[in-house]
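Working notes for the structure below.
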Amino acid sequence: LGATHTFKAGDPVAARIQEITGGGAEYAVDTTGVAAIFGDVVDSLAPRGVLAVVGAAALGTQASFDIGTSLPKGVTIRTVVEGDSIPQVFVPRLMALHAAGDFPFDRLVKTYPFEQINDAFEDSKSGVTLKPVVVFGQD
Numbered sequence: 004l005g006a007t008h009t010f011k012a013g014d015p016v017a018a019r020i021q022e023i024t025g026g027g028a029e030y031a032v033d034t035t036g037v038a039a040i041f042g043d044v045v046d047s048l049a050p051r052g053v054l055a056v057v058g059a060a061a062l063g064t065q066a067s068f069d070i071g072t073s074l075p076k077g078v079t080i081r082t083v084v085e086g087d088s089i090p091q092v093f094v095p096r097l098m099a100l101h102a103a104g105d106f107p108f109d110r111l112v113k114t115y116p117f118e119q120i121n122d123a124f125e126d127s128k129s130g131v132t133l134k135p136v137v138v139f140g141q142d
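The number in our numbering is simply the position in the sequence shown, starting from 1, with 3 added.
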């Protein structure tokens, strides 16, 4: 879907992003909610970079980053609720992007009948599908 680089667990992600971008990412979005990844994402930011945290971590999850390194860079870390958008504007915009072929979200979704809910969880865990959707009452 347009990715130009991928990383494996254990890769020096922040250093690679700094290298690829020539100084860090201006914007990053953490969709994982995984505390161990948070510090790498912050470290991957360019000076004045912005991190949007949208991943839903379990309540009580603590994440850390090096304040001493981040402070002189002036990065911004913010949480995002419901896309921080106005649904009456944002949803039609997304639909227009999809209609134009510029937002193929349907390629990220795989549906499962309720009876296959365990398959949906396993496929999500293994990476077979990015967004499993369990459908109730469908033949």
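For each residue, glycine too, the CB sits at the ideal point set by N, CA and C.
If you look at L100, you'll find it in the alpha helix (DSSP H) that goes P90 to A102. Burial is judged here by how many other beta carbons sit within 10 angstroms of a residue's own beta carbon; F93 has fewer than 16 and is exposed.
Per DSSP, the unbroken alpha helix (DSSP H) holding D122 starts and ends at I120 to S129. Excluding its 5 nearest sequence neighbours in each direction, V16 has C-beta neighbours in its own chain below 6 Å: F10 and D43, listed in chain order.
Per DSSP, K11 has no beta bridge partner at all.
The count of Cβ pairs closer than 8 Å, one atom from the region 74–87 and one from the region 102–117, stays below three, leaving the stretches out of contact. Between A38 and A60, the C-beta spacing is below 8 Å. Taking 8 Å as the cut-off, the beta carbon of G86 is found no closer than this to the beta carbon of G58. In this structure, the CA atom of M98 is about 42 Å from the CA atom of G71.
In the DSSP assignment, D46 falls within the alpha helix (DSSP H) that extends over A38 to D46. Beyond the five residues adjoining it in sequence on each side, G26 comes within less than 7 Å, by CB distance, of A49 in the same chain, given in chain order.
The beta carbon of D46 sits closer than 6 Å to the beta carbons of A17 from its chain, once the five residues preceding and following it are set aside; these are given in chain order.
Boundaries of the alpha helix (DSSP H) around E22: V16 to T24. Residue range T79 to T82 is occupied by the beta strand (DSSP E) that includes T82.
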